[in-house]
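Worksheet: the structure to be examined is printed underneath.
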Amino acid sequence: MSVEEKNQKNKGGRPKKYDTEYLKELLYKYVSNENPNKVKVADLVKYTDIPIQAWRFNEDIKKEIKLVNKKIEDITVIAPIKDVKELWNIPSAEDIVIKNYKNKNKLVEVIDTLLEAYQFSLEKSLHAEELERENLHLKSQIASLKEDIEFYKDEMKKMAVQSTLAIERNENKLKDNIIDIKNYSETKTTFKDLFDD
112 MSVEEKNQKN
122 KGGRPKKYDT
132 EYLKELLYKY
142 VSNENPNKVK
152 VADLVKYTDI
162 PIQAWRFNED
172 IKKEIKLVNK
182 KIEDITVIAP
192 IKDVKELWNI
202 PSAEDIVIKN
212 YKNKNKLVEV
222 IDTLLEAYQF
232 SLEKSLHAEE
242 LERENLHLKS
252 QIASLKEDIE
262 FYKDEMKKMA
272 VQSTLAIERN
282 ENKLKDNIID
292 IKNYSETKTT
302 FKDLFDD
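Using the working numbering, you'd call the opening residue of the sequence shown number 112 and step up by one each time.
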C-alpha cells in the first residue's frame with residue numbers, strides 16, 4: 112500500500128468519511144493483487160489499513176463486494192482457479208474504450224484478453240455439449256443392454272423349465288436337463304467366490 116493511500120487513513124479526531132470511489136478502487140486493487148476466492152471485509156481492513164466501519168457501513172461498497180464475489184464465484188465455476196485472476200472482472204465495452212481510448216496497444220491487449228476468455232468459455236461449452244451427447248448415447252446403450260439381460264434371463268428360465276420335463280426336451284430337441292436352477296443356485300452359494308455377481 113502506497114504512502115498516499117495510508118495518508119487517507121484516519122489519524123485521530125472525528126472519523127473520516129472515505130470516498131466511495133476511492134474504496135472501490137482499493138477493493139479492485141485488492142482483488143487484482145491478492146486473487147481471493149472470496150472478498151471479506153476483514154481482509155480488506157488488513158490490506159488497506161482502513162477501519163472496518165468504512166467498509167461495513169457503506170451500502171454502495173457492500174453492494175460492490177457482493178457483486179465482486181458473485182463474479183469470482185461465476186468465473187470459478189467455468190474456469191480453473193489459476194485463470195480467475197485474469198477473468199474475474201470483465202468490464203463493459205464502454206469502460207474498455209474510455210479507459211484505453213488514447214492507448215491503442217493497451218486497448219488491443221484488453222480486447223485480446225477478453226477474446227481469450229470468450230474462446231476459453233466457448234471451448235468449455237462445446238466440450239460440455241459433446242459430453243452431454245456422449246452421456247445420452249451411453250444411457251441409451253445401457254438401457255438396451257438391460258433389455259437384453261432381461262430377455263436372456265427369461266430365455267434361461269424357459270429353457271430350465273423345458274429341460275426338466277422329458278416331453279418338453281423332446282419337443283425342443285434338448286438333451287438332458289441342461290440347466291438345473293436348484294443345482295446352479297446351490298453351486299453358486301457354495302463357491303460364491305468363484306462366480307461374478
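Even glycine gets a Cβ: it sits at the ideal position worked out from N, Cα and C.
(message) The alpha helix (DSSP H) that contains residue 137, what's its start and end?
(response) Here residue 137 refers to the residue found at position 26 of the sequence shown. Here the alpha helix (DSSP H) through residue 137 covers 131 to 145.
(request) Taking 8 Å as the threshold, find out whether the segment 206 to 213 comes into contact with the segment 155 to 167 through three or more Cβ pairs. (result) no
(request) Classify residue 219 as buried or exposed, calling it buried when 16 or more other Cβ atoms lie within 10 Å of its own Cβ. (result) Along the sequence shown, read from residue 1 onward, the residue named residue 219 stands at position 108. By the 10 Å Cβ count, residue 219 comes out exposed.
(request) May I have the straight-line CA-CA distance separating residue 275 from residue 263, to the nearest angstrom? (result) Residue mapping note: residue 275 aligns to position 164 of the sequence shown, counting from 1. Residue mapping note: residue 263 aligns to position 152 of the sequence shown, counting from 1. Near 18 Å, if we compare the C-alpha coordinates of residue 263 and residue 275.
(message) Need the endpoints of the alpha helix (DSSP H) that residue 215 sits in, please.
(response) Against the sequence shown, residue 215 aligns to sequence position 104. That run of the alpha helix (DSSP H) goes 215 to 275.
(request) Within 10 angstroms of the Cβ of residue 192, are there 16 or more other Cβ atoms? Answer buried if so, exposed if not. (result) Reading the sequence shown from its first residue, position 81 is the one you call residue 192. Low confidence applies here, because residue 192 scores a pLDDT of 42, under 50, leaving its location unreliable; read the following figure in that light. Classification of residue 192: exposed, given that the 10 Å Cβ count is below 16.
(request) Use the C-beta contact count for residue 129: other C-beta atoms within 10 angstroms, 16 or more gives buried, fewer gives exposed. (result) As a position in the sequence shown, residue 129 is number 18, starting the count at 1. With 16 or more other Cβ atoms within 10 Å, it is buried.
(message) Is the beta carbon of residue 156 closer than 9 Å to that of residue 138?
(response) For this step, residue 138 is matched to residue 27 along the sequence shown. For this step, residue 156 is matched to residue 45 along the sequence shown. Contact flag unset, no.
(message) Rounded to whole angstroms, what is the Cα-Cα separation between residue 148 and residue 260?
(response) As a position in the sequence shown, residue 148 is number 37, starting the count at 1. As a position in the sequence shown, residue 260 is number 149, starting the count at 1. If you take the alpha carbons of residue 148 and residue 260, they lie about 49 Å apart.
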